[in-house]
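Each remark here refers to the structure printed beneath this line.
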Amino acid sequence: MIETFEKVEDIEIRLLLEALYLRYHYDFRNYATGSIKRRLRQAREQLGFATISAMQERALHDETMLPRLLGYLTVQVSEMFRDPGYFRAIREIVVPHLRTYPSLKIWIAGCSAGEELYSLVILFREEGLEDRTIFYATDINQDALQIAEAGVYDVDRIQLFTENHRKSGGRSSLSDYYSAGYGRVSFDRTLRDRVVFSDHSLVTDAVFGEMNLISCRNVMIYFDKALQDRAVGLFRDSLARKGFLGIGAKESLRFSAHADDFSEFVRQEKIYQRIGK
Amino acid sequence: MIPADPKAVVIGASAGALEALTSILPTLSKDFRLPIMIVVHIPPDKRSVLAELFRAKSSVEVIEVEDKEPIRPGTAYFAPPDYHLLIEDQETLGLTNEEPVLFSRPSIDVLFESAADVYGAGAVAVLLTGANHDGAKGASAIARVGGHVIIQDPRSAFASAMPEAGLASCPDATVLSLDGISEYLRRIG
């Protein structure tokens with residue numbers, strides 16, 4: 234009987250994801266099963282539904298369910314200058330290459346609430362490259378994009394951000410870029426002068442042109458292998474010749490169908506370079 | 036006692052993990068045929084040396100997992116610090132950085148629950164020493180689908196809270212000493 238129950242849940246999950254796709258065009262059908270299952274179980278319990286099917290029925294008929302479900306289905310965990318070694322490698326090893334270009338395009342794919350975006354903009358400002366750069370910050374979660382555009386974070390996170398920034402080889406003080414008040418810090422609006430925010434899905438949307446650097450960290454770990462291959466293919470086709478791709482510390486292109494299109498540029502920090510073309 | 040068709044071993048440990056695993060992993064021969072997935076609570080900001088350490092001591096292959104690592108027999112897989120380790124399907128491991136569970140990332144519950152989903156009655160869970168309650172919920176998920184749960188005897192554990200919590204949620208689990216666990220694994224793998 235237990236066996237039957239588990240299988241029913243698998244069916245329910247597949248149907249719910251199909252429903253979200255057909256009704257709202259949010260496509261989670263190729264997300265990694267293990268974590269999607271966990272988060273849908275969590276949503277079911279916390280939103281008070283007896284079954285995932287009941288949650289599906291509500292999702293189909295009540296639009297206000299969508300943002301709530303998205304809150305569960307998209308994971309928003311980030312921090313500024315997370316994994317300082319990655320940003321240090323961008324600064325010390327990638328930036329010298331980028332300097333040789335008259336104009337630059339950087340894509341932060343799956344930018345979530347913007348922590349990594351602001352980290353890169355600050356880094357580029359410190360390195361004197363901001364003025365020749367356009368930053369594209371994309372995510373599928375509108376709520377997250379709005380937070381990213383506002384650039385406001387809880388003040389209790391700033392100590393960690395500051396420490397990370399220092400470890401990443403920051404040339405200025407992080408406090409130069411924000412003002413604090415009412416338990417929040419608000420990042421300087423001029424940091425957004427060169428940023429284009431956009432709703433873009435790595436699952437369903439197309440190539441972004443001629444990027445010099447794409448940073449997409451801990452986004453593809455939520456995809457299954459087929460979808461990872463799609464995303465990496467999309468990145469390959471969006472990169473300029475010899476463009477760079479940075480992924481998460483525990484992600485790897487080793488298992489990707491497109492592994493041969495990239496070389497390991499900074500192996501330890503998971504920064505790759507597009508080869509050929 | 037002995038599962039009919041074991042498919043994988045999942046191990047969870049916290050305080051005292053190093054000593055406990057030292058009396059288990061190095062005793063497995065290179066012919067051990069099951070994959071072993073291991074979550075040890077480690078501080079998030081530390082580079083983990085567990086895989087390196089046990090690679091030097093063990094006959095089975097030892098790896099720190101990267102996302103979508105293929106599952107191979109006779110290989111021990113350690114969760115990296117600051118990521119949850121999940122079994123995606125019978126061929127693939129996955130990582131996530133979802134919120135910590137019981138203040139832990141990696142979380143034993145997360146690993147064990149994914150093992151219950153993927154391997155069902157073929158899952159063998161081993162819950163070792165530790166000072167919190169992680170693993171109790173996951174162990175009962177494994178018991179519920181007919182998998183086997185082995186718990187380190189709390190009396191011989193460096194920290195007894197974790198095996199005790201495991202026993203409270205899985206009263207039918209097999210209780211063994213570290214030597215007993217190591218012998219049990221050699222018999223099933």
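Those protein sequence lines, which keep their order, are chains A and B.
Just so we're aligned: 416 in the numbering used here is position 183 of the first sequence, and the numbers increase by one with no gaps anywhere.
Just so we're aligned: 148 in the numbering used here is position 113 of the second sequence, and the numbers increase by one with no gaps anywhere.
Don't be surprised by glycine CBs; every beta carbon is placed ideally from N, CA and C.
As the structure is a prediction and not an experimental result, all values here were calculated from the model.
{"Asked": "Any idea which residues DSSP pairs residue 412 of chain A with across the strands?", "Found": "A/419"}
{"Asked": "Under a CB-based cut-off of 8 Å, is residue 488 of chain A close to chain D?", "Found": "No chain D appears in the structure shown, which is made up of the protein chains A and B."}
{"Asked": "Sort B/93, B/154, B/103, B/162 by Cα distance to residue 119 of chain B and report the nearest one.", "Found": "B/103"}
{"Asked": "What are the boundary residues of the alpha helix (DSSP H) that residue 330 of chain A is part of?", "Found": "328 to 331"}
{"Asked": "Three-state secondary structure (DSSP) at residue 167 of chain B?", "Found": "coil"}
{"Asked": "Under the three-state reduction of DSSP, which class applies to residue 63 of chain B: helix, strand or coil?", "Found": "coil"}
{"Asked": "Tell me which residue opens and which closes the alpha helix (DSSP H) that residue 293 of chain A is part of.", "Found": "285 to 294"}
{"Asked": "Could you check how far apart the C-beta atoms of residue 68 of chain B and residue 224 of chain B are, in whole angstroms? I think they sit under 8 Å.", "Found": "6 Å"}
{"Asked": "Hey, does residue 57 of chain B have any beta-carbon neighbour from chain A nearer than 8 Å?", "Found": "no"}
{"Asked": "What does the alpha-carbon distance come out to for the pair residue 199 of chain B and residue 174 of chain B?", "Found": "12 Å"}
{"Asked": "Kindly indicate if chain A contains any beta-carbon less than 8 Å away from that of residue 40 of chain B.", "Found": "no"}
{"Asked": "Write down the C-beta distance between residue 368 of chain A and residue 428 of chain A rounded to the nearest angstrom, noting that I regard them as a contact closer than 8 Å.", "Found": "5 Å"}
{"Asked": "With 8 Å as the threshold, decide whether the Cβ of residue 268 of chain A is near any Cβ in chain B.", "Found": "yes"}
{"Asked": "Residue 320 of chain A: buried (16+ other C-beta within 10 angstroms of its C-beta) or exposed?", "Found": "buried"}
{"Asked": "Taking the straight line between their C-alpha atoms, what separation do you get for residue 288 of chain A and residue 185 of chain B?", "Found": "36 Å"}
{"Asked": "My assumption, with CB atoms under 8 Å, is that residue 161 of chain B sits in contact with residue 46 of chain B. Please give the rounded CB distance.", "Found": "5 Å"}
{"Asked": "Pick from A/324, A/265, A/411: whose alpha carbon is nearest that of residue 388 of chain A?", "Found": "A/411"}
{"Asked": "If residue 493 of chain A sits next to residue 263 of chain A, beta carbons under 8 Å apart, how far is it from one beta carbon to the other, in whole angstroms?", "Found": "Going by Cβ atoms, the distance from residue 493 of chain A to residue 263 of chain A rounds to 22 Å, so no, they are not a contact pair."}
{"Asked": "Quick one: does residue 401 of chain A have its CB under 8 Å from some CB of chain B?", "Found": "no"}
{"Asked": "When the distance is taken between beta carbons, is residue 249 of chain A closer than 8 Å to residue 292 of chain A?", "Found": "yes"}
{"Asked": "List, in order along the chain, the chain A residues whose C-beta lies closer than 9 Å to that of residue 129 of chain B?", "Found": "265, 266, 267, 268, 454, 455, 457"}
{"Asked": "Tell me which same chain residues have a C-beta within less than 8 Å of the C-beta of residue 349 of chain A, skipping the five on either side of it?", "Found": "311, 313, 315, 341, 448, 450"}
{"Asked": "Examine the Cβ distances between the segment 348 to 364 of chain A and the segment 404 to 421 of chain A and report whether three or more of them are shorter than 8 Å.", "Found": "yes"}
{"Asked": "Pairing CB atoms from the segment 487 to 501 of chain A with CB atoms from the segment 299 to 309 of chain A, are three or more of them under 8 Å?", "Found": "no"}
{"Asked": "Name the chain A residues whose beta carbon is nearer than 8 Å to that of residue 133 of chain B?", "Found": "268, 271, 272, 308, 310"}
{"Asked": "So, using beta-carbon positions, are residue 113 of chain B and residue 83 of chain B closer together than 8 Å?", "Found": "yes"}
{"Asked": "Could you pull out every residue in the same chain whose Cβ sits closer than 7 Å to the Cβ of residue 344 of chain A, ignoring the five residues on either side in sequence?", "Found": "350, 370, 371, 372, 381"}
{"Asked": "Using C-beta distances below 8 Å, list every residue in its chain close to residue 505 of chain A, excluding the 5 sequence neighbours before and after it, in chain order.", "Found": "477, 478, 479, 480, 486, 495, 496, 497, 498"}
{"Asked": "By alpha-carbon positions, which one of A/421, A/500, A/455, A/392 ends up nearest to residue 309 of chain A?", "Found": "A/455"}
{"Asked": "Could you run through the segment 424 to 452 of chain A and flag, in chain order, every residue whose CB is less than 7 Å away from some CB of chain B?", "Found": "451"}
{"Asked": "Beta-carbon of residue 392 of chain A versus every beta-carbon of chain B: anything under 8 Å?", "Found": "no"}
{"Asked": "For a cutoff of 8 Å on Cβ pairs, would you count residue 240 of chain A as touching chain B?", "Found": "no"}
{"Asked": "Let's test the definition: count the other Cβ atoms within 10 Å of the Cβ of residue 126 of chain B and tell me whether it reaches 16, buried, or not, exposed.", "Found": "exposed"}
{"Asked": "I need the boundaries of the alpha helix (DSSP H) containing residue 445 of chain A, first residue and last residue.", "Found": "That residue, residue 445 of chain A, is in no alpha helix (DSSP H); its beta strand (DSSP E) goes 444 to 448."}
{"Asked": "I need the straight-line Cα distance from residue 251 of chain A to residue 435 of chain A, nearest angstrom please.", "Found": "17 Å"}
{"Asked": "What does residue 121 of chain B touch in chain A if you count any residue whose Cβ is under 7 Å from its own?", "Found": "267, 268"}
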